[in-house]
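Structure, as structure tokens:
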Amino acid sequence: MYFTHLNLSSRSSNYDGRAITIGSFDGIHIGHQKILTELNQYAKAHNLQRTLVTFNPLPPEYFKKGMTHRLMSLRDKAEFLKKNDLVDEIILIPFSQAMATITADSFLDDILIDHLQMKALFVGKDFKFGHKAEGNIEFLSNALKDRYYFSAIDDLTRNNIRVSSTKIRGFLADSDLLAAKEFLGRNYSLIGKVVPGNQLARTWGMPTINIHLQHDFPLMGIYNATAENLCTGKKYTGAASIGFRPTIGGTNVVLEVHLHDTNEDLYGQFFKISFINKMRDEIKFDTLEDLRKQIEHDITESYSFFKDYSE
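Residue numbers (the working numbering): 45 to 355.
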């Protein structure tokens, strides 16, 4: 079995085994964070490596059902976990036909216990794994009893709604960023590299940074956003546009962000873009001049919004 190991910690690697959680952890929402908090408490008390086991592609992507857009790229996930000191490492397992047909017994014994030296396992109450999802909480309770520590953690709810990545995708599709923020525990964001664009807005005196998108994106339209340069730590406010740019005949989804009061050379640097609220839908204009006027209006509106904004 081929694994990719991402080390997120500078701590000593002299551990007595691993405390493991498994899953997509797409978005690392407050329900995921509840699992990671319990894992952290146990791992630190028992000198265990804090490990997240996940997959690429994610199983719903492989089967092409149940997921429309990722909430997070692997880079976003690693950055969040490292910044918040939630795990020491990510073990990335390629998801393939062989992985789709592996039995629950084999995954548990051969991969988690024998290969990864698992001593404790933390999952949500709805966790299932193995061929035909035969591995469930009852299976794990029986298989791990008296051998390893096992915790099946209750779902987290808000307003009687179960917190889930699927629900957050629905909020974002409906442009309900406040509801998404409540379930995520933070504003929805992404990390990307500044790459060259067509520089049309720059010729109008309204320069933007063009952010490379690593995965399909759940938002479309014009948004108020904050931006953090991860290379320098400098923070900005601005207006973000995500869409096809139909006025100029665009065919690919592009993320462009106008940073207020900024005209810096930022090519090649990595930014975290956080989306606060939606200003409007993307529109196809009859002329470039109409587009220019609308962008100018959007920037003015965004300035006004951030005069009174606080996290």
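Idealized CB from N, CA, C, for every residue including glycine.
By the beta-carbon neighbour count (other beta carbons within 10 angstroms, threshold 16), N268 is buried.
Counting other Cβ atoms within 10 Å of its Cβ, S318 reaches 16 or more and is therefore classed as buried.
A Cβ-Cβ separation of about 7 angstroms places R114 in contact with D260 under the 8 angstroms criterion.
A buried status is given to I79, since no fewer than 16 other beta-carbon atoms sit within 10 Å of its beta-carbon. Restricting attention to G265, L184, I64, V301, the CA atom closest to the CA of R94 is found in I64. Per DSSP, reduced to three states, the secondary structure at N254 is strand. In the DSSP assignment, H49 falls within the beta strand (DSSP E) that extends over 48 to 51. With contacts defined by Cβ atoms closer than 9 angstroms, T98 and L52 do not form a contacting pair. The stretch 233 to 249 makes contact with the stretch 293 to 310: 3 or more CB pairs, one atom from each, lie closer than 8 angstroms. Here F183 carries a helix assignment [DSSP, helix/strand/coil]. Rounded to the nearest angstrom, the gap between the Cα atoms of G293 and E326 is 13 angstroms.
K278 and I235 have their C-alpha atoms roughly 14 angstroms apart.
With distances taken between CA atoms, L257 lies nearest to F288 out of F288, T281, F329. Secondary structure note for L80: it is in no beta strand (DSSP E), and the uninterrupted alpha helix (DSSP H) holding it is 74 to 89.
Residue environment: H73 is assigned as buried (16 or more neighbouring CB atoms within 10 Å of its CB, all protein chains considered). Between the alpha carbons of D309 and L274 lies a distance of about 15 angstroms. Apart from the 5 residues on each side of it in sequence, G241 sits with its Cβ closer than 6 angstroms to the Cβ of N254 in its chain, given in chain order. In terms of Cβ geometry, I212 and G67 do not form a close pair [threshold 9 angstroms]. Excluding the 5 residues flanking it on each side, F183 has same chain C-beta neighbours closer than 7 angstroms at A148, in chain order.
Within the DSSP bridge table, the entry for M143 names no partner.
With respect to the 9 angstroms criterion, F171 and I181 are classified as neighbours on the basis of their beta carbons.
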